[in-house]
Amino acid sequence: MNVLVEPHHDGGLFGRPLFEDPSARALSRVGVVDVGSNSVRFVVFDGAARSPAYFYNEKIMCALGAGMSGTGRLNPEGRVRALAALHRFNRLAQGMGLSDLTVVATAAVRDASDGPAFCADVERETGLYVRVIDGREEARLSAQGVLLGWPGSYGLVCDIGGSSMELAEISGGIVGRRETSDLGPLKLQTVKGGKKGRAAHIKATMERLKDAMGAQRDRLFLVGGSWRAICKVDMHRRGYPLQVLHEYRMTPKAVRQTAKFIAKHPDPEQLRNACGISAARMALAPLAAEVLVRLIKTFKPKDIAISSYGIREGMLYEQMPQKLRDRDPLIEACYFAESKDARMPGFGKRLYEFLEPLFKSAPFERKRLIKAACLLHDVSWRAHPDYRAEVCFDNATRANLGGLKHSERIFLGLALLHRYTNQREGTHFEYLYDLVDDKTLTDAEVLGKAMRFGAMMWTDKDANLGEFRWYPKKKKLELRLSKDAMPLFGEVAEARLNSLAASLRADVTVKQRKR
16 MNVLVEPHHD GGLFGRPLFE DPSARALSRV GVVDVGSNSV RFVVFDGAAR
66 SPAYFYNEKI MCALGAGMSG TGRLNPEGRV RALAALHRFN RLAQGMGLSD
116 LTVVATAAVR DASDGPAFCA DVERETGLYV RVIDGREEAR LSAQGVLLGW
166 PGSYGLVCDI GGSSMELAEI SGGIVGRRET SDLGPLKLQT VKGGKKGRAA
216 HIKATMERLK DAMGAQRDRL FLVGGSWRAI CKVDMHRRGY PLQVLHEYRM
266 TPKAVRQTAK FIAKHPDPEQ LRNACGISAA RMALAPLAAE VLVRLIKTFK
316 PKDIAISSYG IREGMLYEQM PQKLRDRDPL IEACYFAESK DARMPGFGKR
366 LYEFLEPLFK SAPFERKRLI KAACLLHDVS WRAHPDYRAE VCFDNATRAN
416 LGGLKHSERI FLGLALLHRY TNQREGTHFE YLYDLVDDKT LTDAEVLGKA
466 MRFGAMMWTD KDANLGEFRW YPKKKKLELR LSKDAMPLFG EVAEARLNSL
516 AASLRADVTV KQRKR
């Protein structure tokens, strides 16, 4: 993942947050509705932080596209359900004070002969204007959703819906070539010739897409409910411990194994219950798996990542000013959380500057996580002291944050856990520690203990009372305190400093600065 970070003028590594900027505050409450072939979903994004916060999120499975291949018309029952859902969503939006609701419709409505009549009914009965988008525009918006979570990413975005599948290439934050196809699982249900006929149709369509898109050997980003269902089954099959879909990785071999696992499972109902998949979605998973196997065989991506962000997040991204788009979603979200929940907003930046000498040789990717931890170090202070460490870990590992690999979630969670406790053994989360190596465990412990000590030594966010000097080859840690800071270095602070030194396997000395 490449994250674009623009230069700033405050001297900090990540600069002044933008969530209070007027152009960002205009996005403080954004409502979108996605009328798809399978479902109609209403999402309200709250807060101007770079990572989307879901103020409200509701989905109704309407199956508008079911049976369309034979009739050319929207599913009558689905049409009634969709109209009722839009009535409900419109009333909810009014109750939330939303001034405008963006509604887009995709493959089912654009392909159905009665699609225009359905849109007219919606506008007449609810006042909502439905924007019907073509496949290339759908691909663009889905790709923008991926960019919301991975700024500066490159690769191939594949968004599968009920009636279509879209491809878009992204590079350096720009959406390039785009193509659409009829490889949605609802459409595949009506392909003649059984499994062989379906396989031939999928192969021929995929070859056409390859000719149009060219070589795509970078990362493959998977967007859409059917891909997420396959991902859940893959997690179940592997016994994967962290049940977070966003940024979950699969190998081509794992995809093939999971496709076989789905096709040959003796009890699909038991499987869907074990994986938490709806019956409607599970019914389409075997067909989607056939498409995914052929997609990977055709394009040969170097790796595969699941994106929880798609067309709805792409509509939010569409409304962002460029300077907000270019920001790191993790850091902006952490700034936002600090401003909202910390006891001393602004102290996280000072804490990072104090601890930075301990991590001078760390790569940029690690320093980014250290900055995030410092911004979040105090946001869970309201939790009960007996559970605060575990609350911090749980929040960090499962939060809806963009720009975080699973291993990075564990690092961040462990650092915040050690902010409140010296021991990580005996928690409910030990089964997750195997997702990172021993060095990452140690680094997270050092960071957490450093934050635990640093939080005791500052009386306000602008204080400059001391500094660390770290000599890693000599294993010597030196703390230099000003005269004003010496009274803060009590016995509890000394114990925390010694605990930090023990994790560093270092000798520690404390000196008073002359100035």
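Residue numbering for the sequence shown follows the numbering used here, beginning at 16 and increasing consecutively. Virtual Cβ for every residue (Gly too), placed ideally from N, Cα, C.
Within 7 Å, strictly: CB atoms of residue i and residue j
{"i": "S54", "j": "V161", "result": "no"}
{"i": "V248", "j": "G325", "result": "no"}
{"i": "L384", "j": "E333", "result": "no"}
{"i": "M76", "j": "A295", "result": "yes"}
{"i": "A278", "j": "P301", "result": "yes"}
{"i": "S293", "j": "G177", "result": "no"}
{"i": "A127", "j": "L89", "result": "yes"}
{"i": "L431", "j": "A411", "result": "yes"}
{"i": "R528", "j": "S497", "result": "yes"}
{"i": "L116", "j": "G46", "result": "yes"}
{"i": "F57", "j": "F133", "result": "no"}
{"i": "G417", "j": "G164", "result": "yes"}
{"i": "R309", "j": "M228", "result": "no"}
{"i": "K526", "j": "R495", "result": "yes"}
{"i": "R213", "j": "L203", "result": "yes"}
{"i": "L345", "j": "L419", "result": "yes"}
{"i": "V145", "j": "A120", "result": "yes"}
{"i": "A547", "j": "A352", "result": "Nothing about residue 547 can be reported from this structure: the residues present for the chain run from 16 to 530 only."}
{"i": "I185", "j": "M265", "result": "no"}
{"i": "A387", "j": "S66", "result": "no"}
Residue i - DSSP class collapsed to helix/strand/coil
{"i": "R413", "result": "helix"}
{"i": "L480", "result": "coil"}
{"i": "G170", "result": "strand"}
{"i": "T220", "result": "helix"}
{"i": "Q527", "result": "strand"}
{"i": "G177", "result": "coil"}
{"i": "L237", "result": "strand"}
{"i": "V394", "result": "coil"}
{"i": "P22", "result": "Low local confidence applies: a pLDDT of 36 at P22 is under 50, so the model's placement there is unreliable, and no value is given."}
{"i": "G418", "result": "coil"}
{"i": "F426", "result": "helix"}
{"i": "F444", "result": "coil"}
{"i": "G212", "result": "helix"}
{"i": "S66", "result": "coil"}
{"i": "S293", "result": "coil"}
{"i": "M16", "result": "Legend: pLDDT at M16 = 41, less than 50; position of this residue unreliable, no value from coordinates given."}
{"i": "K320", "result": "Note that residue 320 is Ala in the sequence shown, not Lys. Of the three classes helix, strand and coil, the one that applies to A320 here is strand, per DSSP."}
{"i": "V461", "result": "helix"}
{"i": "D401", "result": "coil"}
{"i": "R520", "result": "coil"}
{"i": "V160", "result": "Per the sequence shown, residue 160 should be read as Gly rather than Val. DSSP places G160 in helix when its eight states are reduced to three."}
{"i": "G329", "result": "helix"}
{"i": "G309", "result": "It should be pointed out that residue 309 corresponds to Arg in this sequence rather than to Gly. Note: R309 maps to helix in three-state DSSP."}
Rounded separation between residue i and residue j - CA only
{"i": "A508", "j": "A68", "result": "37 Å"}
{"i": "A183", "j": "A154", "result": "6 Å"}
{"i": "S168", "j": "I175", "result": "20 Å"}
{"i": "D453", "j": "F379", "result": "20 Å"}
{"i": "A517", "j": "A500", "result": "23 Å"}
{"i": "R106", "j": "R342", "result": "34 Å"}
{"i": "P487", "j": "L519", "result": "9 Å"}
{"i": "A510", "j": "L429", "result": "20 Å"}
{"i": "Q272", "j": "Y263", "result": "16 Å"}
{"i": "K491", "j": "H399", "result": "36 Å"}
{"i": "D282", "j": "C246", "result": "18 Å"}
{"i": "H433", "j": "L515", "result": "10 Å"}
{"i": "G26", "j": "L339", "result": "Any reading at G26 is ruled out, since the residue's pLDDT is 36, under 50, leaving its predicted position unreliable."}
{"i": "A465", "j": "Y350", "result": "20 Å"}
{"i": "A289", "j": "H280", "result": "12 Å"}
{"i": "G180", "j": "K489", "result": "Per the sequence presented here, residue 180 reads as Met, with Gly not at that position. Their Cα atoms are separated by approximately 58 Å."}
{"i": "D136", "j": "R44", "result": "27 Å"}
Rounded Cβ spacing between residue i and residue j (contact assumed at less than 8 Å)
{"i": "F426", "j": "T455", "result": "5 Å"}
{"i": "L143", "j": "V118", "result": "5 Å"}
{"i": "A122", "j": "G170", "result": "The Cβ separation is near 23 Å, so there is no contact."}
{"i": "R252", "j": "F276", "result": "5 Å"}
{"i": "V270", "j": "I311", "result": "6 Å"}
{"i": "F374", "j": "K382", "result": "6 Å"}
{"i": "V566", "j": "A357", "result": "Past the edges of the chain, shown from 16 to 530, lies residue 566, and the structure says nothing about it."}
{"i": "M297", "j": "K476", "result": "Between K476 and M297 the Cβ distance is about 51 Å, and since that is not below 8 Å, they are no contact."}
{"i": "L480", "j": "M471", "result": "The pair is not a contact, with the Cβ atoms about 11 Å apart (cut-off 8 Å)."}
{"i": "Y531", "j": "R397", "result": "With the chain represented from 16 up to 530, any question about residue 531 goes unanswered, as that position is not in the structure."}
Any non-hydrogen atom of the ligand GDP within 6 Å of residue i CB
{"i": "F60", "result": "Because no ligand of any kind appears in the structure shown, any question about the ligand GDP cannot be addressed here."}
Give, in chain order, every unbroken run of the alpha helix (DSSP H) that is at least 4 residues long and sits entirely within the region 70 to 157. 83 to 86, 91 to 110, 122 to 126 and 130 to 141
At 3 residues or longer, what runs of the beta strand (DSSP E) sit wholly inside the region 242 to 278? With a minimum length of 3 residues, no continuous beta strand (DSSP E) run stays inside the region 242 to 278.
Would you list, in sequence order, the uninterrupted beta strand (DSSP E) runs of no fewer than 3 residues that lie entirely inside the region 469 to 516? List check, beta strand (DSSP E) in window: 481 to 486 and 491 to 496.
Which runs of the alpha helix (DSSP H) at least 4 residues long sit entirely within the region 353 to 385? Give them in chain order. Segments of the alpha helix (DSSP H) lying fully in the region 353 to 385: 362 to 370.
Inside the region 184 to 208 only - alpha helix (DSSP H) runs reaching at least 4 residues: 200 to 203
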